[in-house]
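Residue numbers (the working numbering): 360 to 491. Beta carbons are placed, not taken as given, at the ideal position from N, Cα and C, and that holds for glycine.
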Amino acid sequence: MSPTDVLTVAAEGGAIGDGRTGAVLALCVGLVGVALGRLALLRAAGRFSTGNARTGAVSAIAVGLVCTGLAALHLATSSGGPGTGNGMVGAVMAIPLGLIAMILGRRALTHSRRSERTADRSEREREFGPTS
């Protein structure tokens, strides 16, 4: 393969296909977001002790938003339909992954706030006695 052919293939989207690269990237980002959301939810529930649940939850929300944006951008710019090799099916599958990552992150954020309030309340009761 000549250097000109290599540059042409790279400019057209690589060896995977013209549009599949964007869909695969969106799917990978979505899977990372779901994993971050799940770990944040486990941290908020107290089953996984390393790290901060709020940081993981915000990260999962951000990564889920990026995934959904990448997939929607890919769907908007791809030509053809499903089965043409442009990665439309992968992009359609990436949108729910991004939404799931955002939902898991939101649940972990809500749960971590609730557990912080409960911990603050019990600490206050130990210090000052029951308020009622």
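Could you say which of the options lies nearest to residue i if we only look at CA atoms?
i: Val391; options: Ser471, Leu468, Gly464, His470; result: Gly464
i: Ala467; options: Ile420, Leu424, Pro455; result: Ile420
Can you give the beta carbon distance from residue i to residue j, rounded, assuming they're within the 8 Å contact cut?
i: Gly446; j: Ser437; result: 7 Å
i: Leu386; j: Met452; result: 6 Å
Leaving out five residues before and five after residue i in sequence, what residues of the same chain have Cβ atoms less than 6 Å from its Cβ?
i: Ser471; result: Ala403, Ala412, Arg413
i: Ala382; result: His433, Gly446, Gly449, Ala450
i: Gly423; result: Gly392, Gly457, Ala460, Met461
i: Gly389; result: Cys426, Ala453, Leu456, Gly457
May I have the straight-line CA-CA distance separating residue i from residue j, to the nearest angstrom?
i: Thr469; j: Ala435; result: 33 Å
i: Ala374; j: Gly396; result: With a pLDDT of 49 at Ala374, under the threshold of 50, the modelled position of that residue is not reliable, and no figure is offered here.
i: Ala399; j: Ser361; result: 49 Å
Compare the C-beta of residue i with all C-beta atoms of chain B and state if any pair is closer than 8 Å.
i: Leu458; result: Any reference to chain B falls outside this structure, which holds one protein chain only.
Leaving out five residues on either side along the sequence, give the residues of the same chain with a beta carbon under 7 Å from the beta carbon of residue i.
i: Pro441; result: Met447, Val448
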